[in-house]
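Each remark here refers to the structure printed beneath this line.
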Amino acid sequence: MRFALIPSFARAAKRQAAWFVWCVLLATVASCTDGPTAVAGAPYLAVVVIVDAPDEVTSRGPYGFRVRELSGTIRYDTVFQATPRDTIILSVQPATYLVEMAGVPQSCGVRDGAAQLVAVLPKTNTSLARFLITCRNALTLVALTDGSQPDSAYVYTLSGAKGGTRAGALAASDTLLLDDLPPDDYVVSLRHVAPNCQVLSDGGDNLSVTISARGGATAFFRVACSEPARRPRVAWFKGSYFEGMAGFVLRVVDIDRDVERYGWDVTDCQRRTILPGGVRRRGGFSGYANVSERDTAVIVGAFDIGLTDAQLAGRCMSVWVADERGNVSEIIETPFTRRVTERTPAPRTFNAAYLGTVAMRVTLDVIDPDEDYVGVLVVYNTRDGIVSLPADGQPDRVIFYPAGILGLAVPDIPFGIGYGQWSDYLSATVYLVDNQGNVRRLDDGDLFR
1044 MRFALIPSFA RAAKRQAAWF VWCVLLATVA SCTDGPTAVA GAPYLAVVVI
1094 VDAPDEVTSR GPYGFRVREL SGTIRYDTVF QATPRDTIIL SVQPATYLVE
1144 MAGVPQSCGV RDGAAQLVAV LPKTNTSLAR FLITCRNALT LVALTDGSQP
1194 DSAYVYTLSG AKGGTRAGAL AASDTLLLDD LPPDDYVVSL RHVAPNCQVL
1244 SDGGDNLSVT ISARGGATAF FRVACSEPAR RPRVAWFKGS YFEGMAGFVL
1294 RVVDIDRDVE RYGWDVTDCQ RRTILPGGVR RRGGFSGYAN VSERDTAVIV
1344 GAFDIGLTDA QLAGRCMSVW VADERGNVSE IIETPFTRRV TERTPAPRTF
1394 NAAYLGTVAM RVTLDVIDPD EDYVGVLVVY NTRDGIVSLP ADGQPDRVIF
1444 YPAGILGLAV PDIPFGIGYG QWSDYLSATV YLVDNQGNVR RLDDGDLFR
């Protein structure tokens, strides 16, 4: 038995995956045949394996190979092992051969299967079996950084529940493919984040991932950086929940008076969301009096979150605020509490009604036991498909004053300018919020009186 081992390993990078091409040319193996001894020389059988995977996957091995003559006439059947760095040459007799590959990692798949039939014809030089292996790396780390004075690089760390650890560098906007990680539950942390930057993605700078033998886990970090002197500052953040709804009040100091949006969430107090669909964003605040005409913006917010009081007990709420330039405040996370009903604003008068077919008017007066009522968020409910398409079978919701309205004076909403005609409006919902974040929801579906 004679092998000619020729190191041959070519690598080329394409996008963010490494392509490794290695060839296995099967050499003369006289002692492996159970029949007439093959004569050295042509024809040859070549197996080409193209692996799309990170370095750690393609450096594994050795892999097992089996080549056998299909009909049994020649009774040729041989097995061998090879690594991606080997080239093995073998000549065979004209026949049809079954070429099989074994030992492929669970995180990899072989296109068209790990077995191929190859017809080696007389008076030919080389016949080819081609295998394309695609692998999912164990973990993909993604960092996306933008804003003013962005950070340039970070340090990531991995800590496994079973004790495994790893650390390395990650560029500010980059994708890093990691492999050779044993299956486990890991905490992936982003470190050395500049003080003017905030990690806005779910979980903040500590993400939990589960890596299985099949790979495919992803950890995504979204980082927003700001000009320190101009970033908004949350000075007051209070809120409450009650029977599936939540309300809050925000006071934000901003020297440019250009607070434009916020991201609000209910978390496990470790920056991990518990809301279906994740963080709730609301924006378009520019030009509204309670934001653009004040050094300290006052924002009234409310959402229907669809969680029970029992599900919200012991949870936290978080918020960040951004201005028109993309400067982002620090992220505030604070305990989320049930409203104190006896201290919550209550309606003395509430009515939503058509003004003919030209406008809708909301009339509101409030009793507040603590005399700290702040304002109201008004939501208009319309027929499905009026605000957004495609229709989803649920009424659409329109908020004309997304930062809320301070006090009690709700401006009339004209029909035919913006979203729909008078007949498209079904009801109005208001959320009353005081300075401690106590919230009350009111609905009026009779718009004719």
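In our numbering, the protein residues as written are 1044 to 1492.
All C-beta atoms in this analysis are idealised placements derived from N, C-alpha and C, irrespective of residue type, glycine included.
All values derive from a computational prediction rather than experimental measurement.
| task | Could you tell me which residues DSSP puts in a beta bridge with Tyr1106? | result | By 1-based counting over the sequence shown, the position of residue 1106 is 63. Partner(s): Ala1125.
| query | According to DSSP, is Asn1042 helix, strand or coil? | reply | Lying before the first or after the last residue shown, residue 1042 is absent from the chain, which here runs from 1044 to 1492.
| said: Under 8 Å: do the stretch 1336–1346 and the stretch 1228–1247 share three or more Cβ pairs, one atom per stretch? | reply: no
| Of the residues Leu1220, Arg1440 and Val1371, which one's Cα is nearest the Cα of Asp1299? | As a first step, residue 1299 is located in the sequence shown; it is residue number 256 there, counting from the start. Of the listed residues, the one whose Cα sits closest to Asp1299 is Val1371.
| query | Taking the alpha-carbon positions, what's the Asn1481 to Phe1285 distance? | reply | Mapped onto the sequence shown, residue 1481 falls at position 438. Mapped onto the sequence shown, residue 1285 falls at position 242. If you take the alpha carbons of Asn1481 and Phe1285, they lie about 9 Å apart.
| field | Nearest-angstrom Cα separation, counted from Val1343 out to Asp1477 | value | Residue mapping note: residue 1477 aligns to position 434 of the sequence shown, counting from 1. Residue mapping note: residue 1343 aligns to position 300 of the sequence shown, counting from 1. If you take the alpha carbons of Asp1477 and Val1343, they lie about 9 Å apart.
| task | Confirm, please, whether the CB-CB distance from Ala1471 to Asp1489 is below 8 Å. | result | Position 446 of the sequence shown, counting from 1, holds the residue named residue 1489. Position 428 of the sequence shown, counting from 1, holds the residue named residue 1471. No. Outside cutoff.
| message | Assuming Asn1333 is part of the alpha helix (DSSP H), what are its boundary residues? | response | The residue labelled residue 1333 in the question sits at position 290 within the sequence shown. Ala1332 to Ser1335 is the extent of the alpha helix (DSSP H) around Asn1333.
| If you count every other CB in all the chains shown that lies within 10 Å of the CB of Pro1165, and 16 or more means buried, which is it? | Numbered from its first residue, the sequence shown carries residue 1165 at position 122. It is exposed - the Cβ of Pro1165 has fewer than 16 other Cβ atoms within 10 Å.
| Leaving out the 5 sequence neighbours to the left and right, which residues in its chain are closer than 6 Å to Arg1323 when beta-carbon positions are compared? | Position 280 of the sequence shown, counted from the first residue, corresponds to residue 1323. The answer, listed in chain order, is Trp1307 and Phe1346.
| query | Helix, strand or coil: how does DSSP classify Glu1143 here? | reply | Taking the first residue of the sequence shown as 1, we reach residue 1143 at position 100. Correct three-state label for Glu1143: strand.
| query | Since Tyr1140 and Leu1175 are thought to touch, with beta carbons under 8 Å apart, how far apart are those beta carbons, to the nearest angstrom? | reply | Locating residue 1140 in the sequence shown gives position 97, counting from the first residue. Locating residue 1175 in the sequence shown gives position 132, counting from the first residue. About 19 Å; that fails the 8 Å criterion.
| Does the beta-carbon of Thr1432 have 16 or more other beta-carbons within 10 angstroms, so that it is buried, or is it exposed? | Taking the sequence shown and counting its residues from 1, one reaches residue 1432 at position 389. Sequence check: residue 1432 is Leu here, not Thr. Answer is exposed; the Cβ neighbour count stays below 16.
| message | Please identify the residue among Thr1167, Arg1440 and Phe1123 whose C-alpha is closest to the C-alpha of Asp1427. | response | Indexing the sequence shown from 1 puts residue 1427 at position 384. Closest option to Asp1427, Cα to Cα, is Arg1440.
| Where does the unbroken beta strand (DSSP E) through Gln1241 begin, and where does it stop? | Within the sequence shown, residue 1241 is the residue found at index 198, counting from 1. That run of the beta strand (DSSP E) goes Cys1240 to Val1242.
| said: Among Asp1411, Phe1443, Tyr1468 and Val1153, whose alpha-carbon lies nearest the alpha-carbon of Gly1399? | reply: The residue you call residue 1399 lines up with position 356 of the sequence shown. Gly1399 has its Cα closest to that of Tyr1468, out of Asp1411, Phe1443, Tyr1468 and Val1153.
| message | Measuring straight from C-alpha to C-alpha, what distance separates Ser1329 and Gln1464? | response | Position 286 of the sequence shown holds residue 1329. Position 421 of the sequence shown holds residue 1464. For Ser1329 and Gln1464, the distance between alpha carbons rounds to 26 Å.
| query | For Arg1276, which of helix, strand or coil comes out of DSSP? | reply | By one-based count along the sequence shown, residue 1276 stands at place 233. It is a strand residue.
| message | So for Gln1479, helix, strand or coil by DSSP? | response | Stepping through the sequence shown from its first residue, residue 1479 is reached at position 436. Correct three-state label for Gln1479: coil.
| said: Under DSSP, the alpha helix (DSSP H) around Leu1355 begins and ends at which residues? | reply: Start at 1 with the first residue of the sequence shown, and residue 1355 comes out as number 312. Here the alpha helix (DSSP H) through Leu1355 covers Asp1352 to Leu1355.
| Coil, strand or helix - Ser1466 by DSSP | Along the sequence shown, one-based indexing puts residue 1466 at 423. Reduced to three states, the DSSP call for Ser1466 is helix.
| query | With Leu1451 and Leu1485 assumed to form a contact (beta carbons below 8 Å), what rounded beta-carbon distance in angstroms separates them? | reply | Translated into positions along the sequence shown, residue 1451 becomes position 408. Translated into positions along the sequence shown, residue 1485 becomes position 442. Not a contact, Cβ separation roughly 13 Å.
| query | Cβ of Val1092 within 8 Å of Cβ of Val1142? | reply | Taking the sequence shown and counting its residues from 1, the one referred to as residue 1092 is at position 49. Taking the sequence shown and counting its residues from 1, the one referred to as residue 1142 is at position 99. Not closer than 8 Å, so no.
| CB contact flag (Ile1375, Ser1361, <8 Å) | As a position in the sequence shown, residue 1375 is number 332, starting the count at 1. As a position in the sequence shown, residue 1361 is number 318, starting the count at 1. In contact: Ile1375 and Ser1361 (Cβ atoms closer than 8 Å).
| task | Please state if the CB of Arg1386 and the CB of Val1409 are separated by a distance shorter than 8 Å. | result | Walking along the sequence shown from the start, residue 1409 turns up at place 366. Walking along the sequence shown from the start, residue 1386 turns up at place 343. Going by C-beta atoms, Val1409 is not nearer than 8 Å to Arg1386.
| query | Would you call Glu1414 buried or exposed, if buried means 16 or more other Cβ atoms sit within 10 Å of its Cβ? | reply | For the purposes of this step, residue 1414 is taken as the residue at position 371 of the sequence shown. Classification for Glu1414: exposed.
| Sorted by chain position, which residues of the same chain lie with C-beta nearer than 8 Å to Asp1311's C-beta, five sequence neighbours on each side aside? | Translated into positions along the sequence shown, residue 1311 becomes position 268. Closer than 8 Å at Cβ, skipping near neighbours: Ile1317, Arg1358 and Cys1359.
| said: Using a Cβ-Cβ distance cut-off of 8 Å, determine whether Asp1222 contacts chain C. | reply: As a matter of chain content, chain C is missing from the structure shown, which is built from one protein chain.
| message | Using a 10 Å radius around the Cβ and a threshold of 16 neighbouring Cβ atoms, would you call Ile1460 buried or exposed? | response | Looking up residue 1460 in the sequence shown gives position 417. Ile1460 is exposed by the Cβ-count criterion.
| task | Using 10 angstroms around the beta-carbon of Phe1491, count the other beta-carbons present and answer buried if the total reaches 16, otherwise exposed. | result | Stepping through the sequence shown from its first residue, residue 1491 is reached at position 448. Exposed.
| said: Suppose the cutoff is 6 Å on Cβ atoms and the five residues either side in sequence are ignored; what does the same chain contact list for Gln1479 look like? | reply: By one-based count along the sequence shown, residue 1479 stands at place 436. Hits under 6 Å: Lys1281.
| query | Since Ala1389 and Arg1483 are thought to touch, with beta carbons under 8 Å apart, how far apart are those beta carbons, to the nearest angstrom? | reply | Residue numbering aside, residue 1389 sits at position 346 when the sequence shown is read from its first letter. Residue numbering aside, residue 1483 sits at position 440 when the sequence shown is read from its first letter. That belief holds up - the Cβ atoms of Ala1389 and Arg1483 are roughly 6 Å apart, short of 8 Å.
| field | Distance, Gln1437 Cα to Leu1201 Cα | value | Here residue 1201 refers to the residue found at position 158 of the sequence shown. Here residue 1437 refers to the residue found at position 394 of the sequence shown. The straight-line gap from Cα to Cα measures roughly 43 Å.
| Are three or more beta carbon pairs between the stretch 1219–1227 and the stretch 1193–1208 nearer than 8 Å? | yes
| Alpha-carbon spacing of Glu1303 relative to Asp1366, whole angstroms | For the purposes of this step, residue 1303 is identified with residue 260 of the sequence shown, where counting begins at 1. For the purposes of this step, residue 1366 is identified with residue 323 of the sequence shown, where counting begins at 1. So the two alpha carbons sit approximately 5 Å from each other.
| task | Enumerate in chain order the residues of its own chain whose CB-to-CB distance from Gly1078 is below 8 Å, with the five nearest sequence positions on each side excluded. | result | In the sequence shown, the residue the question calls residue 1078 occupies position 35. With a pLDDT of 37 at Gly1078, under the threshold of 50, the modelled position of this residue cannot be trusted; read the value that follows with caution. Cβ neighbours of Gly1078 beyond the five flanking positions: Ile1117, Arg1118 and Tyr1119.
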